[in-house]
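A short worksheet on the structure shown next.
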Amino acid sequence: MTDDAKLILTGREDSIVVENAHGQYFHLTGNLTKGGFIANPDAIQSWHKNTEITPISQLEKEQIMTAIMQQTIHSPFKILFDETFFHEKS
Numbered sequence: 001m002t003d004d005a006k007l008i009l010t011g012r013e014d015s016i017v018v019e020n021a022h023g024q025y026f027h028l029t030g031n032l033t034k035g036g037f038i039a040n041p042d043a044i045q046s047w048h049k050n051t052e053i054t055p056i057s058q059l060e061k062e063q064i065m066t067a068i069m070q071q072t073i074h075s076p077f078k079i080l081f082d083e084t085f086f087h088e089k090s
């Protein structure tokens, strides 16, 4: 994933579809809250496209999470990640 790559975020009932510039996607699960979505970082595991499945490395996972939060930081609907993930890394 490159720093300038934008992700396409599409909301579904209890998940958000995250798609990259190559048409690969994954479903980000979590909880809808007032003004946003608290996402489960464990949902970021593999990119899907047609019948292809490409695993997502830990580094790319962190880049994806950062990109999603940066893209929604100024939006009235923010996507954040469950903070228990960040406490586990410390």
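Residue 40 in UniProt numbering sits at position 40 of the sequence shown; the count goes up by one each step and never skips. Just so it is clear, CB atoms sit at the ideal spot from N, CA and C, and this is done for glycine as well. Keep in mind that this is a model prediction, so the values were computed, not measured.
Buried or exposed: where does residue i fall if 16 or more other Cβ atoms within 10 Å of its Cβ makes it buried?
i, result
"PHE77", "exposed"
"ILE68", "buried"
"ILE53", "exposed"
"PHE81", "buried"
"GLY30", "buried"
For residue i, report the span of its alpha helix (DSSP H) as first-last.
i, result
"LEU7", "Premise fails: LEU7 is in no alpha helix (DSSP H) and is neither H nor E."
Report the three-state DSSP secondary structure of residue i (helix, strand or coil).
i, result
"THR73", "One point to set straight first is that residue 73 is Ile, not Thr, in the sequence displayed. Reduced to three states, the DSSP call for ILE73 is coil."
"LEU80", "strand"
"ILE16", "strand"
"ILE64", "helix"
Residue range of the beta strand (DSSP E) that residue i falls in?
i, result
"HIS22", "Taken as a continuous stretch (DSSP letters only), HIS22 belongs to no beta strand (DSSP E), as it is neither H nor E."
"GLY36", "36–39"
"residue 109", "Any answer about residue 109 is impossible in this case: the structure gives the chain only from 1 up to 90."
Return the Cβ separation of residue i and residue j in integer angstroms, given the expectation that the two are a contact with Cβ distance under 8 angstroms.
i, j, result
"LEU28", "SER15", "6 angstroms"
"ILE56", "SER46", "6 angstroms"
"LYS61", "ILE44", "5 angstroms"
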